[in-house]
Amino acid sequence: MAILNLNLGTRSYPIYIDSGLIHKTDLLSSHIRAKRVCIVTNNIVAPLYLHSLKEKLTDFDVDEIVLPDGEAEKSIANFEVIMSHLLKNEHGRDTTLIALGGGVIGDITGFAAACYQRGIDFIQIPTTLLSQVDSSVGGKTAVNHPLGKNMVGAFYQPKAVFIDIDSLITLPTREFNAGMAEVIKYGILGDKLFFVWLEDNMSAIKAGDKVVLAQMIERCCQCKANIVASDETEAGVRALLNLGHTFGHAIEAEQGYGKWLHGEAVATGMILAAKLAVAMNLLEVSELRRMEKLIAAFDLPITAPQDMGFDEFIRHMRRDKKNIAGKLRFIIPTAIGQSEIRDDVTQDTLQEIL
Ligand code: NAD
Ligand code: GLY
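Sequential numbering of the sequence shown, starting at 136, is according to my numbering.
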């Protein structure tokens, strides 16, 4: 088992990575503060993992909330569903919420934990690749608003993260590939050696080799933990983790949440950011081609939706959380393994690449 630590002083927490972790409940129990536990999951994940998790938590008083599946369910309405369940069932401040599922469940559960009675404990058990390498670590919690993705949320850290690699066995290939977009993101934004490692290990990753997957997930979590430890609330370097997201969030919002998977939108977004970099003479075309090749190898899209041009993108990008004083800010890859935050992208350049 690999154990990483996200160092945030008194709010530090461990990230456990192993096969079969959902069944190792002694470890999980040690992070639950009192008797009551509420597991939040969805109707896809519940039949797969809820029973075996609940069955092992015999020392606790456990109930559950099973939400419908999908990005559209990361909503203010479902946030209220969670609040009402906790209140009706008289959960107190000592309850621990467990998020069992992908990024949608992790984000909404974390936000509910941040708000319920001004903050209760929560634990992440991420079951998709995307949530294992990204969303379960770092404490960004949120729900979507019809006018923008993740627009209502909080920075609120979990007490522990349990990454069970075996849960990837049941994950559909399209979802696995969407997670690979966030994996590749770490290579492009700041770790060239990892990008090369991904190119070299592509076949083993696709074949689901557990040793290789564990190494890959650990490297991503370590990268994320280092960045979050130095900039928890995104005052600076953490913004680099948004590589591809400025364009990606616009695609998700414009197409309707759920049509493009988050990772798919980020994949195309990273290529659009790289094209911006090429247009600004900041990136070699050969590096762009290498990025396109690795991303496309996981069947991820590398071109924007046909029906989206400059106007459709700009409408959404004006609300991007990275903007300062109304100025759009982009994460621009300047080489494989190197990126910068720029606010000097001209409208002409944007129009050219969109
Ligand atoms: P998701 O939570 O919708 O999960 C993808 C699909 O896989 C869903 O249908 C889900 O029910 C299903 N699923 C989950 N685990 C499974 C398993 N083990 N076997 C079979 N099916 C399984 O999507 P996601 O890609 O995990 O997460 C995307 C969300 O994460 C977005 O809302 C995005 O904004 C958010 N996100 C947050 C952060 C953050 O830092 N908080 C970072 C990146 C993404
Ligand atoms: N997924 C981006 C971040 O956590 O900052």
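We treat Cβ as the ideally placed atom computed from N, Cα and C, and that holds for glycine.
> Which of helix, strand or coil does DSSP assign to I167?
Replying inline: coil
> Looking only at its own chain, which residues have a Cβ that is under 8 Å from the Cβ of L418, when we skip the five neighbours before and after it?
Replying inline: A409, A412, I467, P468, T469 and A470
> Quick one: is the Cβ of V363 within less than 8 Å of any heavy atom of the ligand GLY?
Replying inline: yes
> When DSSP labels each residue in this structure, what does M286 get in the three-state scheme?
Replying inline: strand
> Could you give the distance in angstroms between the alpha-carbon of S421 and the alpha-carbon of D269?
Replying inline: 28 Å
> Looking at G398 and D299, is the spacing between their C-beta atoms short of 9 Å?
Replying inline: no
> From L202, R354 and D455, pick the residue whose C-alpha is nearest to that of W332; which is it?
Replying inline: R354
> Does any heavy atom of the ligand GLY sit closer than 8 Å to the C-beta of L264?
Replying inline: no
> In chain order, what residues of the same chain have a beta carbon less than 7 Å from the beta carbon of H166, not counting five sequence neighbours either side?
Replying inline: I258, K294 and A295
> Ends of the beta strand (DSSP E) at R425?
Replying inline: Per DSSP, R425 belongs to no beta strand (DSSP E); it is in the alpha helix (DSSP H), V420 to A432.
>> Mapping the DSSP letters down to three states, classify V272 as helix, strand or coil.
In response: coil
>> What does the alpha-carbon distance come out to for the pair P281 and E208?
In response: 11 Å
> Is any heavy atom in the ligand GLY found nearer than 8 Å to the beta carbon of K359?
Replying inline: yes
>> Assess contact between the region 303-319 and the region 425-441, defined as three or more Cβ pairs (one per stretch) separated by less than 8 Å. Is contact present?
In response: yes
> With distances taken from CA atoms, which of H226, M452, M415 and E199 is nearest H380?
Replying inline: M452
>> Pairs of beta-carbons, one from the region 139-156 and one from the region 175-184, closer than 8 Å: are there three or more?
In response: no
> Touching or not, the region 183-190 and the region 210-229, by the rule of three or more beta carbon pairs under 8 Å?
Replying inline: no
> Is the region 370-384 touching the region 453-461 in the sense that three or more CB pairs, one from each, lie closer than 8 Å?
Replying inline: yes
>> Out of A364, D153, G238 and M337, which one is the CA nearest neighbour of D204?
In response: G238
> Going by other Cβ atoms of all chains shown within 10 Å of its Cβ, with 16 needed for buried, is V491 buried or exposed?
Replying inline: In this structure the chain extends from 136 to 489, so residue 491 is not present and cannot be described.
>> Just to confirm before moving on: does the CB-CB distance between D301 and I488 stay below 9 Å?
In response: no
>> In the DSSP output, what is K462 paired with across the bridge?
In response: I459
>> Are there any heavy atoms of the ligand NAD lying less than 8 Å away from the beta-carbon of H397, as far as the coordinates show?
In response: yes
> How many angstroms separate the CA atom of K462 from the CA atom of D194?
Replying inline: 53 Å
> Beta carbon of H384: closer than 8 Å to some heavy atom of the ligand GLY?
Replying inline: no
>> Using a Cβ-based criterion (distance less than 8 Å to any ligand heavy atom), does D269 qualify as near the ligand GLY?
In response: yes
> Beta-carbon separation of G245 and A212 under 9 Å?
Replying inline: no
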